[in-house]
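Just so we're on the same page, the working numbering is the position in the sequence shown counted from 1, plus 59.
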Amino acid sequence: MSGTALRIDGNEAAARLRARVAQAAAKFAALTGRKPGLAVILVGDDPASHVYVRSKLQRAAEVGIVSNVMRFPSGVSEAEILGQIAAWNAADDVDGILVQLPLPDHVNTLRVMAAIDPDKDVDGLHALNAGKVSQNATALVPCTPLGCLMLIKQVTPDLTGMNAVVLGSSNIVGKPMAALLLAERATVTVAHIHTRDTPFLCRGADILVTAVGKPGLVRPDWVKPRAIVIDVGINRVQDPASGKFRIVGDVDPSAAQVAGALTPVPGGVGPMTIACLLLNTLQAAGSTARLAPATLGLADDPINQAA
Ligand code: NAD
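So this is what it looks like as C-alpha cells:
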C-alpha cells in the first residue's frame, strides 16, 4: 500500500509544549518569587552551535526562563569549564545547566557531563540520568529522544510489541532513544555504522528513528509500508542548481510515499528538542524548589507531558 505519509508537525507540537512550560514557569515564579534559570556553556566558534544556543536562549526567554550564557574560546582548558560548572551547581538561581556539544577534542566530554549536578542536568546526559532512563526511573531525559517519543506517541500512543529500529547509537540520541522505546514495551533494534544489512532491519520497523547525519540515507525501499518515520538528521546540503544551502534530514523525501507518518526536516524533531529542554528546565526548577510537578501543572512523568 502506498500514499502520502501524514506529516508530523513538530512546530505545532513544540508550540503546544512551550505553552504548557510557559504556564508552569509563571506558576513557579509566583510561588518562589523568581523565574526559573538556565545556564549555558558555549565553547568555540562552531556556527551551528552558535545558532542552536541562540534559538535555545530566545525560546527560553519567550516562556519566562532566565538564561545566562558563558562563552569560552576554543582553547579553554577543561579545568575552566569544570570551574564554571561547579559555580553553577552551587548557585540557587541556576536550575538547569547545559553544555553545548561538541566540545573541542582536548576537553573530555564525559568528564564535563559527570561534573554537572544530575538534578540540574537538563540535557539528560549525566550517567546517573542515562542509567535512570534505562531503568525506567523518573529522570531528566535527553531532549531529542524525549521529543521524538512525544511525536511518536502523538501518532500511536501504545507502542507495546511494535518493532522499532533506531539508526545511530550516540549517547545523545541513539542510545537513549532505544532505552525510551524499550520502556514503552517496543522491541528495539539499534543499527550503527558497522551494522550488516541495515536496509533489511529497517524494512521490519513499525517505527524507524534515524539519527545518523547522512542526507538521503533512508531510501523508500528501506521503509515498511505505513511505518512511523522520525528523522532526527540535520544535514546542510548545497543545491546544485541554485548553489544555495538548505537543511535536510537523513530520509529521502520520496519515503513519504511509503511511510504512514513522517517528520519533516526542518520543522520536525528540531523544535521539539528545544521545547523539551525548556520542559526539563521546569522539571529541574520544580525539584530544586521542592514543588511537585503537579503544582506547576506538569506531569510526573515527562514522557507523558505532550500537550
Ligand atoms: P553522531 O555522529 O554522534 O552519531 C551518528 C551515529 O550514526 C553513530 O552511532 C554511527 O555509528 C551511526 N551511523 C553512521 N553511518 C551509519 C549508517 N550508514 N547506518 C546506520 N548508522 C550509521 O551523531 P548524533 O549526535 O547522534 O547526531 C545524529 C544526527 O542527528 C546528526 O545529523 C545531528 O545533526 C542530528 N541531531 C539532530 C538533533 C535535533 O534536534 N533535530 C539533535 C541532535 C542531533
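Where is the CB? At the ideal position from N, CA and C, for every residue including glycine.
Output the distance between the C-alpha atoms of residue i and residue j, rounded to the nearest integer angstrom.
i, j, result
"A149", "A343", "14 Å"
"L101", "D182", "14 Å"
"A145", "A138", "10 Å"
"I156", "I175", "7 Å"
"R278", "A89", "51 Å"
"A366", "G134", "Low confidence applies here, because A366 scores a pLDDT of 46, under 50, leaving its location unreliable; read the following figure in that light. Cα-Cα distance, rounded: 42 Å."
"L445", "S108", "No statement about residue 445 is possible, as the shown extent of the chain runs from 60 to 366 and does not include it."
"V324", "P235", "21 Å"
"V158", "M129", "10 Å"
"K115", "N127", "11 Å"
"C261", "F131", "41 Å"
"D164", "T354", "42 Å"
"P299", "A264", "33 Å"
"T257", "R285", "19 Å"
"L350", "S136", "37 Å"
"R75", "F259", "36 Å"
"M60", "I362", "Low local confidence applies: a pLDDT of 43 at M60 is under 50, so the model's placement there is unreliable, with the coordinate-based value given in what follows. Rounded to the nearest angstrom, the two C-alpha atoms are 32 Å apart."
"A189", "N195", "10 Å"
"Q117", "T332", "14 Å"
"D151", "F87", "14 Å"
"R295", "A237", "26 Å"
"Q143", "A119", "21 Å"
"V214", "D105", "35 Å"
"D280", "G356", "44 Å"
"M172", "K273", "27 Å"
"R37", "R66", "What the structure shows of the chain is the stretch from 60 to 366, and residue 37 is not part of that stretch, so it cannot be assessed."
"G103", "W147", "20 Å"
"V166", "S229", "18 Å"
"A358", "D154", "18 Å"
Would you kindly check if the distance between the Cβ of residue j and the Cβ of residue i is under 9 Å?
i, j, result
"C335", "L162", "no"
"A314", "I266", "no"
"V282", "T322", "no"
"A64", "G292", "no"
"P330", "A73", "yes"
"V310", "T269", "yes"
"G345", "A83", "yes"
"L184", "I231", "yes"
"V225", "T246", "no"
"T197", "D68", "no"
"C202", "N339", "yes"
"L239", "V192", "yes"
"G62", "Q297", "no"
"L218", "E243", "yes"
"V80", "L341", "yes"
"I347", "D178", "This sequence places Thr at residue 347; Ile is not what is there. Yes, they are a contact pair."
"V110", "V99", "no"
"L169", "A186", "yes"
"D290", "G327", "yes"
"G227", "V271", "yes"
Quick one: does residue i have its CB under 9 Å from some CB of chain D?
i, result
"A334", "No chain D appears in the structure shown, which is made up of a single protein chain."
Cβ contact (3+ pairs, closer than 8 Å) linking the region 92-112 and the region 121-137
With a cut-off of 8 Å, the region 121-137 and the region 92-112 count as touching, because enough Cβ pairs lie within range.
For the region 201-217 and the region 249-257, state whether three or more C-beta atom pairs, one from each stretch, are separated by less than 8 Å.
Touching, no, given that fewer than three Cβ pairs across the two stretches are closer than 8 Å.
Curious, which full-length beta strand (DSSP E) runs of at least 3 residues does the region 179-244 contain?
DSSP runs (the beta strand (DSSP E)) wholly in the region 179-244: 222-226.
Unbroken stretches of the beta strand (DSSP E), 3 residues or longer, contained in the region 243-282:
Entirely contained in the region 243-282, the beta strand (DSSP E) runs reaching 3 residues are, in chain order, 246-250 and 266-269.
Every unbroken beta strand (DSSP E) inside the region 122-174 [3 residues or more]
At a cut-off of 3 residues, the continuous stretches assigned as beta strand (DSSP E) that sit fully inside the region 122-174 are 125-131 and 155-158.
Let me know the beta strand (DSSP E) ranges lying completely inside the region 83-109, each 3 residues or longer, listed in chain order.
Complete beta strand (DSSP E) runs here, min 3: 96-102.
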